[in-house]
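Since the structure comes first, as structure tokens, the remarks are kept for the end.
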Ligand code: MIG
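Numbering (the working numbering), first residue to last: 5 to 821.
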């Protein structure tokens, strides 16, 4: 524990000024095919155009022959230097060189090699005023911003949404200490920041998997980015909109592949469910209580002495039978796999690793060994393709039992030693280009999850794999979902999960979430109820807790809390068609599923740092209660017309309102114009999917909106071959009329869905009829017909039933009479 002594007056350190070098004056600018090479007095910068809006800048300190500049990227990057676009040119004035890449202009000052990025209108968007370094070649890049700049992204960090005034370290760390605002590094390192200034927003991605720092604190009108080792290799990512920056960043680092349906269901975990009987009993309890659940996790106790790829023969004598029985109940198992392989001459995995030379080694060729759960362990060198393939294939052990998902933990890697990780001078083979651990530390977790996802894919017979990871680097979204590690059962941590997951989303990682209820410390019924309400609408939804904490399954705190948990988990399942469509959108364009309001309303000053409420897609606001004994909260509704989801109450936006939120209510608001697909709740995504889809259309008299509805088998990769359905839905209201259009963009999948029931809510009270569809005599009558409509005057609710569209364009014209 720290005491006041920690801040003794004798401890004030006087910062030593370090000698700084910089590139100096520009000596020449050369156009070398797809590179523009800026030669300075003390080094070079190689500039390249990646795609629309993305320019890469890589610094080379000292002498480097121009013809052999190393432009390799890390595995984070999937889009590489392309040819200069047609029309690109370099011009020169007395003071600057201007590289016009058509959509981005790059201006380099002759005097000091500073760089400015301009848009097509010659507006300056970003300015890299200096790149300088010390004797150890630790580079600092200074980006001039302004006093009004807001900063987003930066991956998994504590604190609020806007990172102005913060400083972060990128160094994947296992932090069990409480996650407080002053913690600079957690498990994930995503060196990507979005600067939202008065002019256009832009992003800077630093592709360096060693230790780096982002400082938005030391200077009020500048951001500094510092590396310790390796190259200073960054990407400028233009807007013009905030959404474009996020989407473009994922062009560069890749997008989530569509997860299986079940991975989007409710997940239950505990460190640990100790044996087969306990797991089966747990599954039965979910079914008896009618609480939907798709996945149960096996934490480290399932293994034989914490040896990965084994089952403890006493606790889990018949894992295969257990899996089969669970599947009958609609439940899958996701076991934990850590990277540490127990040093044990009698253990096959260790033998294979040793014989194959698969472990990371110190400079003298002896494997790096360190203590983790199994005792002294060795660590696979995932930078080698051969090792990754070996590791991936080991997962046959699990897939043969019917397992389709794996949980990667401790992959920072965490080691129980002084540095808490692998020695930085450990070597990685890196497919023939050896690097030290210090240079690629932040990649270790990503490479492990990549090996895992690819291995599972090889052995799942066309089923989609699911990987959950604790550690990661930019691009991790391509391989795994992320949970935010060891939080605590604190109300503060529930609140913090919102900005953390929102910024992960802005950092290209849409599929993430915290341990619902909190991992360490002890939850309470009220906290669990509130956290489950919120967590049920996060992209990743898992309740998990630590062995010495009070139990926190949904039923541990009596019937009231159980009912609340059940209702909200059911809400998640009802909304699955909506959520799944958002997942698919995210897999297509990289935009997050769970969004900060700033993403949709970037001009609205009320939302620059708003992070105690969030959007799902662009039209649902979720406003959790995150304090105890609180049954009201302020909610901000941005521009537009909004409805209270529960009561139907109508609000005009750009207003703060006071929401009524007794324990069983989490405030939800839906925007007029929204078209929300939903259905009945099912116990598991393995249950037969309901035949009827409901589309709720939120009207106001003058609204319009669109939604892209997606469906496929939710399980296999057949969608990659076109086995899916995609519908473009749009609604538009004009004087006395509403037009709903359903365009079947793709009909490639035969689902067992038969009907759509379209419910028009909040139509101005009048009389209505729907052209081209038959009226029925009452609402009940809709159950007995394939197609027809009924208008209920008292409630103003108009309901239309149609057969699930196949190829044609369906036009629904609602008119007042
Ligand atoms: O140091 O596997 O974050 O979710 O339950 C503890 C045991 C190791 C840390 C993970 C946590 C997991 C736990 N693990």
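C-beta: ideal position from N, C-alpha, C; glycine also.
Values in this document were obtained by computation on a predicted structure and should not be read as measured data.
- When DSSP assignments are scanned along the segment 325–371, the uninterrupted stretches of beta strand (DSSP E) that are 3 or more residues long and fall wholly within it turn out to be 336–341.
- Taking 7 Å as the cut-off, one finds at least one heavy atom of the ligand MIG near enough to the beta carbon of residue 340.
- Distance from the C-beta of residue 154 to the nearest heavy atom of the ligand MIG is not below 7 Å.
- A Cβ-Cβ separation of about 13 Å leaves residue 522 out of contact with residue 552 under the 8 Å criterion.
- Here the distance from the Cβ of residue 550 to the nearest heavy atom of the ligand MIG is below 7 Å.
- In this structure, the alpha-carbon of residue 623 lies about 30 Å from that of residue 195.
- Residue 414 has its Cβ nearer than 7 Å to a heavy atom of the ligand MIG.
- Under the three-pair Cβ rule at 8 Å, the segment 198–206 does not count as touching the segment 172–187.
- In this structure the segment 532–547 does not touch the segment 636–646; the number of beta carbon pairs closer than 8 Å is below three.
- In the three-state reduction of the DSSP assignment, residue 397 falls in the helix class, which pools H, G and I.
- Distance from residue 336 to residue 298 at the Cβ level is roughly 6 Å; contact confirmed, criterion being Cβ atoms closer than 8 Å.
- If only complete runs of 4 or more residues are kept, the segment 210–268 shows the alpha helix (DSSP H) at 246–257, in order along the chain.
- Going by DSSP, residue 441 is part of the alpha helix (DSSP H) stretching over 441–444.
- For residue 589, the enclosing alpha helix (DSSP H) covers residues 580–593.
- CA-CA distance, residue 301 to residue 284, rounds to 12 Å.
- Classified as buried, residue 85 has 16 or more neighbouring CB atoms from the shown chains inside 10 Å of its CB.
- Note: residue 104 is bridge-paired with 93, 109 in the DSSP secondary-structure output.
- Shown here, residue 392 sits in a helix according to DSSP, grouped into three states.
- The shortest C-alpha to C-alpha distance from residue 191 to any of 728, 418, 561 is the one to 418.
- With a threshold of 7 Å, the Cβ atom of residue 357 does not count as near the ligand MIG, since no heavy atom of the ligand is closer than that.
- With a cut-off of 8 Å on Cβ pairs, the segment 224–239 is not in contact with the segment 564–574, counting fewer than three such pairs.
- In this model, residue 696 and residue 233 are separated by some 57 Å (Cα to Cα).
- For the ligand MIG, no non-hydrogen atom lies closer than 7 Å to the CB of residue 555.
- A Cβ-Cβ separation of about 6 Å places residue 75 in contact with residue 50 under the 8 Å criterion.
- Residue range 119–122 is occupied by the beta strand (DSSP E) that includes residue 119.
- In chain order, 272, 277, 300, 557 place their CB closer than 8 Å to the CB of residue 286, counting only its own chain and leaving out the 5 sequence neighbours on each side.
- At least one heavy atom of the ligand MIG is found less than 7 Å from the C-beta of residue 489.
- Three or more Cβ pairs drawn from the segment 358–374 and the segment 417–436 lie within less than 8 Å of each other, which places the two stretches in contact.
- For residue 546, the shortest C-beta to heavy atom distance toward the ligand MIG is 7 Å or greater.
- The Cβ atoms of residue 165 and residue 600 sit closer than 8 Å to each other.
- Excluding sequence positions up to five before and after residue 243, its CB lies within less than 7 Å of the CB of 204, 205, 206, 249, all in the same chain and listed in chain order.
- Residue 614 is classed as buried because its beta carbon has at least 16 other beta carbons within 10 Å across all chains shown.
- If you draw a straight line from the Cα of residue 778 to the Cα of residue 578, it comes to about 28 Å.
- With 16 or more neighbouring CB atoms inside 10 Å of its own CB, residue 416 falls in the buried class.
- The beta carbon of residue 598 sits closer than 7 Å to the beta carbons of 505, 506, 509, 542, 543, 618, 620 from its chain, once the five residues preceding and following it are set aside; these are given in chain order.
- Taking the CA atoms as reference points, residue 525 sits about 9 Å from residue 491.
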